[in-house]
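Chains as they are written, first to last, in our numbering: chain A, 387 to 527; chain B, 241 to 636.
C-beta atoms are modelled at their ideal positions from N, C-alpha and C, and glycine is treated no differently.
These numbers were taken from a predicted model, which means no experiment stands behind them.
Working notes, structure below.
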Amino acid sequence: MTGSDRAHSDRSLEETIAEGSGAPGFDRDIPADRAFACDDCGRRWYYDRRRCPDCGRSSADASTVPLETGEVVATTTVETTPPDVRAPNHLALARFDEVQLIAQAAAGDLSPGDAVRFEGSHRLRESRDRTDPRLVAVDDA
Amino acid sequence: MGSNATDSTGVRVAGVGMTPFESDSGRSLSDLAAAAAERALDDAAVDPAAVDALHVGNALAEALDESAGLANALAAALGLDGASADRIENTSATGASAFHRGVETLRSGVESSEADTVLVVGAEKMSAGDTRDVTEAISRLVHRREYAQGITLPSFGGLAAGAYLDRYDAPREALAAVAAKNHGNAVDNPVAQFRKPIDVEDALDSPVVAAPLRLYDCCPMSDGAAAVVLTRAGRDDSEDRTGPRVAGIASATGTHAVAERPDPLSIDSVRTAGERVFDRAGVRPDDVDVACIHDAFTVLELIELEELGFYETGTAWEATLDGDTALDGELPVNPGGGLKARGHPLGATGLSQIVELVWQLRGDLPENRRVDGAETAFAINVAGFGNNSVCTVLRA
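Here's what the structure looks like:
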């Protein structure tokens, strides 16, 4: 189809108008211990995106799945934090199979290679009215 | 110099100017921008009325309740009658993105078939907010799921620094050596925010910000402005156009969420923008005589030098300890002090890199600041912790 043909097709106008109010968005808030999962190909991702990176299916209605056991890749403890965030803020970069994420750790005792899982219910930012779990070493859980 | 060097943009930097970078300048954002712009126009011997387009880089004016519509206010203040004007924002790479836009304006000629003079100004007044407000404003540029965890840019720096030292079995002193080098380079730079030399011990003893990074591993918050005047390079030498040539410019985005990078020590946007700019300019990393590298955190200078191909992966720390990146080394890196010591007013930083490199290429600097005989210069300005990178190659 050429550009000019397409401009005259019956479908061109509605195809250019995105969903309005009330439509499901790709940037849904889900708990820290859950990842998105593509309902077609099963690919998982943590940081919300518009489409499945593998098959391209819209993520608006993607399922979410719990993250079970991961492995610490790197850690840091941040002393200078935003006004509504605890100081020090213990953080870990952790890999859960194909999903990799950075999350708050319950304590500053994690090291690369440690097995971790999410546990507990904490306000990660005081200004936000929601709670999420933090990473803990599997042995301590 | 490689034999394949090209002049891919046809643009020259006709003049440069900047204000000192300071913790608190006591001047308004507009005043800082105008002061740098006038210096650049004077340096280029260009009348304000001859400017065809103005591009203004600024990241935080609205977030810090300073002002809105900065480009239009500046055009009027400078007397740029009828010039087109806009404002560019790309977080910490705002300055380089504004420079990129200026180069593209001249290349495309979209503003006017006659357009041949462009003014690019980058300015930031980070003292307009208190430290926590600015930290908060900057932390908003991370992915929202990262934001929910309270993650800030130094958080990424701490994670990457820990991973770097761990994987390459590098000593903590290697990071401190980057800080000591860049602070040393700033001592004789009159526009630098910090002009006091520090040694490795000072850096190792400073307070922890995001372990293992300490205060001296992190760039400051700054006020300041930098500006350049760009012109089309003449088609032949008979035309009265002088100034270093923009041999290549390129930018690239990478992952937004830092954790999605398969390797925490790999930054795709840096690698991609670097490959593109070297290809466009027809030079190799070996051809570069002097470089300004985005050292928002000491570890970033090392990672970027490796991602750009200046050093093999995992070896930039040894090169730094060996003095290769010192002012008198094989590849002088951040001769003006870098973000670390010159300062990092977000909108101005990328342009201050260009100003420093133009000074180097024109031979303007005193002997103790100069990279002798520099002909090819490189700059990289990075947004966020690698969300977007802008690379430039200049040739004398």
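About 6 Å separates the CB atoms of Ile594 of chain B and Phe339 of chain B; that is less than 8 Å, so the two are in contact. Taking 8 Å as the upper bound on Cβ-Cβ separation, chain B lies near residues Gln486, Leu487, Ile488, Ala489, Gln490 and Pro498 of the stretch 480-505 of chain A. Listed along the chain, the chain B residues whose CB falls inside 8 Å of the CB of Pro468 of chain A are Arg372, Thr375, Glu376, Ser379, Gly390 and Thr392. When the beta-carbon positions are compared, Ala333 of chain B and Val630 of chain B come within less than 8 Å of each other. Inside the stretch 316-348 of chain B, DSSP marks whole alpha helix (DSSP H) runs of 4 or more residues at positions 334-348, from first to last along the chain. Segment contact: the stretch 409-424 of chain A against the stretch 441-454 of chain A, three or more CB-CB distances shorter than 8 Å; contact assigned. Nearest neighbour of Ser462 of chain B by Cα position, chosen from B:Phe537, B:Leu579, B:Leu310 and B:Asp508, turns out to be B:Leu579. In terms of Cβ geometry, Val427 of chain B and Met258 of chain B do not form a close pair [threshold 8 Å]. Just measuring C-alpha positions, the residue of B:Ala513, B:Val418, B:Val382 and B:Pro437 sitting nearest Asn621 of chain B is B:Ala513. Interface flag for Asp445 of chain B against chain A is unset, since no Cβ pair is found closer than 8 Å. At a cut-off of 8 Å, the C-beta of Ser395 of chain B has a neighbouring C-beta in chain A. At least one CB atom of chain A sits nearer than 8 Å to the CB of Pro504 of chain B. Burial of Ala536 of chain B is indicated by the presence of at least 16 other C-beta atoms within 10 angstroms of its C-beta. Selection A:Arg414, A:Thr517, A:Arg516 and A:Asp470 evaluated against Thr375 of chain B yields A:Asp470 as nearest (Cα-Cα). In this structure, Thr463 of chain A sits away from Gly499 of chain A, with a CB-CB distance that is not shorter than 8 Å.
Membership of Pro394 of chain B in any beta strand (DSSP E) is not indicated; the residue belongs instead to the alpha helix (DSSP H) covering Leu393 to Tyr408.
Chain-order list of chain A residues neighbouring Glu262 of chain B: empty, with the shortest C-beta distance near 21 Å, by a criterion of under 7 Å.
Note that the C-beta distance between Ile328 of chain B and Val291 of chain B is not below 8 Å. If you draw a straight line from the Cα of Glu413 of chain B to the Cα of Ser348 of chain B, it is about 47 Å long. Asp564 of chain B has no beta-bridge partner at all, per DSSP.
For His476 of chain A, the enclosing beta strand (DSSP E) covers residues Asn475 to Phe482.
In terms of CA proximity to Leu479 of chain A, B:Ala403 leads the group B:Ser337, B:Ala443 and B:Ala403. Looking at the backbone, the Cα of His476 of chain A and that of Asp373 of chain B are separated by about 21 Å. Boundaries for Lys436 of chain B: no alpha helix (DSSP H) harbours it, and the DSSP string shows neither H nor E there. The beta-carbon of Arg385 of chain B is placed less than 8 Å from the nearest beta-carbon of chain A. Spanning the alpha carbons of Thr482 of chain B and Pro411 of chain B requires a straight line of approximately 46 Å.
When the five nearest sequence neighbours on each side are left out, the beta carbons in the same chain lying within less than 8 Å of the beta carbon of Asp415 of chain A are those of Arg516, in order along the chain. Classified as buried, Gly577 of chain B has 16 or more neighbouring CB atoms from the shown chains inside 10 Å of its CB.
Minimum Cα-Cα distance from His508 of chain A among the listed residues A:Val502, A:Ser497, A:Ala501 and A:Arg520 corresponds to A:Arg520. A distance below 7 Å between beta-carbons, with the five flanking residues on each side excluded, links Ala388 of chain B to no residue of its chain. Close partners of Glu500 of chain B in chain A (Cβ separation under 7 Å): Tyr433 and Gln486. Ser592 of chain B sits close to Ala466 of chain B, with the two beta carbons spaced by under 8 Å. Every beta strand (DSSP E) stretch that sits fully inside the stretch 458-524 of chain A and reaches 3 residues is listed by chain position as 475-482, 485-490, 501-508 and 518-523. Annotated as proximal: Arg437 of chain A and Ser444 of chain A, with beta-carbon spacing under 8 Å. In this chain, the alpha helix (DSSP H) harbouring Ser592 of chain B covers Leu586 to Arg602. Leu359 of chain B is positioned such that its CB atom lies closer than 8 Å to that of Leu281 of chain B.
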